[in-house]
Amino acid sequence: MKRKTNNTQEQRKKKVKAFKFKSSLQFDHILDIIINKRLYCSDWLKLNDPMEGQFAYSYNNEVKKVSEIINGIVDKKKQYKVCSLSSIYNSHLLWAHYANGFDGVAIEVELNENKYIQRVNYGGVFAGINLNNNMETDEIARTILFSKYIEWNYEKEIRILSHQEYYYDLKIKRVIAGTRINKILCDTLNFICHNLGIPFSKIGIGDEGMDIDFVNPIKNFKTILEAEDNF
C-alpha cells in the first residue's frame with residue numbers, strides 16, 4: 735500500500751516544460767542529451783552574464799554574525815552547478831544566440847518541479863537579500879542563483895541547480911530543428927529520434943510568428959547515405 739501511495743505522489747508532481755537550445759556545431763552535445771537523456775550543468779561562474787551570482791544584502795541590529803552568514807552563503811553557492819533552459823521555443827533571439835542563427839535545435843524536455851528547478855526572477859544587477867528573513871544559507875544561495883538582471887528577461891529562463899555535473903530527472907518530449915540546419919544533420923537527427931520514439935519537427939517562420947512543422951520520419955539510414963552521396 736505504501737508503494738502505491740508513493741507512485742500516486744510521483745504522478746502528482748507538477749511537470750515543467752522547457753527548451754534547451756543547441757547549435758549544430760555542438761552536435762555531440764545534442765546527441766548526448768537525446769541518447770543519454772541528461773542535461774549538462776556547468777559552473778555558474780562560466781555563464782555569459784558577468785554579474786551572475788552577485789548579490790547585495792541588508793540587515794538590522796538583530797542579525798548576529800553577519801560575516802559568518804555571508805561566508806556560509808558564498809560556500810553554498812560554490813556547491814551548485816547550473817543548467818539554463820527556456821520556457822519558450824518561439825523566440826528569434828534565442829535561436830540566434832543559442833542555436834547559432836537557426837542552424838541548431840531546440841530540445842523540448844519535461845522536468846519534475848522542485849526547489850532546484852525554477853523560473854528565473856529578473857530584477858536589478860545584483861540579487862537583493864535581507865538577512866532578517868531567517869532563511870537558511872542554502873535557500874539564500876538558491877535565491878541568488880535564481881536571480882538575473884532584467885535585460886536577460888527575453889530568455890524566459892528556467893534554471894536547474896544541481897550538485898552534480900549531469901541532471902537526469904527528465905523526459906525528452908520533442909526535438910525541433912532550426913530553419914538553417916544542415917540537411918544531412920537534420921536527416922540524421924530525424925532518423926535517431928524516430929528510432930528512439932522522440933517526435934521530430936522543424937521550426938516554421940511566418941508573418942504571424944513561429945510554429946512547429948511536422949517532418950516525415952526517416953526510417954532507413956540508407957536514405958541519408960544516398961542523399962550524402964548526391965550532396
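All the letters of the sequence shown, read from the start, carry residue numbers 735 to 965 under the working numbering.
Idealized CB from N, CA, C, for every residue including glycine.
Worksheet entry | Expected contact under 8 Å - CB spacing of Arg-876 and Lys-849 to nearest Å | 7 Å
Worksheet entry | Coil, strand or helix - Leu-845 by DSSP | strand
Fill in: Ile-822 beta carbon less than 8 Å from that of Tyr-856
no
Practice prompt. Can you check DSSP and say which residues form a bridge with Phe-675?
Written response: The structure shown does not extend to residue 675, since the chain is modelled only from 735 to 965, so the question has no answer here.
Worksheet item: Among Leu-923, Asp-903, Asn-916, which residue has its Cα nearest to the Cα of Val-750?
Response: Asp-903
Practice prompt. Hey, could you find the ends of the alpha helix (DSSP H) Asn-770 is sitting in?
Written response: 761-770
Worksheet item: Can you tell me the Cα-Cα spacing of Lys-973 and Leu-779, whole angstroms?
Response: In the structure as shown, the chain begins at 735 and stops at 965. Residue 973 is therefore absent and cannot be evaluated.
Discussion item. Alpha carbons only, please: which of Ala-752, Glu-942, Ile-952 is nearest the one belonging to Asn-846?
Written reply: Ala-752
Worksheet item: Taking Tyr-814 as the reference, which of Val-800, Ile-841, Ile-874 has the closest Cα?
Response: Ile-874
Worksheet item: Could you give the distance in angstroms between the alpha-carbon of Tyr-901 and the alpha-carbon of Val-816?
Response: 10 Å
Fill in: Same chain, Cβ closer than 7 Å to Glu-889, five either side skipped, listed in chain order
Ser-820, Leu-828
Worksheet item: How is Leu-966 classed by DSSP in three states: helix, strand or coil?
Response: This structure leaves residue 966 out entirely; the chain is present only between 735 and 965.
Discussion item. Taking the alpha-carbon of Ile-841 as reference, which of Asn-916, Ile-769, Glu-802 has the nearest alpha-carbon?
Written reply: Ile-769
Discussion item. Which residue wins for smallest C-alpha separation from Gly-806, given the options His-763, His-831, Ile-863, Glu-870?
Written reply: Glu-870
Worksheet item: When DSSP labels each residue in this structure, what does Ile-851 get in the three-state scheme?
Response: strand
Worksheet item: Which residues bound the alpha helix (DSSP H) around Ser-801?
Response: 800-812
Practice prompt. Starting from Asp-872, follow the beta strand (DSSP E) in both directions and report where the run begins and ends.
Written response: Segment 871-879 is the alpha helix (DSSP H) holding Asp-872; no beta strand (DSSP E) there.
Worksheet item: Hey, how far is the Cα of Lys-953 from the Cα of Asn-929?
Response: 8 Å
Worksheet item: For the beta strand (DSSP E) that contains Leu-895, what are its first and last residues?
Response: 891-896
Worksheet item: Who are Val-750's beta bridge partners in DSSP?
Response: Leu-845
Item to complete: Classify Ser-776 as helix, strand or coil using the three-state DSSP reduction.
Response: strand
Fill in: Phe-761 versus Gly-838, Gly-940, Lys-799, Asn-868, residue with shortest Cα-Cα distance
Gly-838
Item to complete: Using the Cα positions of Asp-783 and Cys-775, report the straight-line distance between them to the nearest angstrom.
Response: 16 Å
Discussion item. Beta-carbon within less than 7 Å of Asn-887's beta-carbon, same chain only, minus the 5 sequence neighbours each way: which residues are those?
Written reply: Tyr-856
Item to complete: Give me the Cα-Cα distance between Ile-946 and Gly-938, rounded to the nearest whole angstrom.
Response: 6 Å
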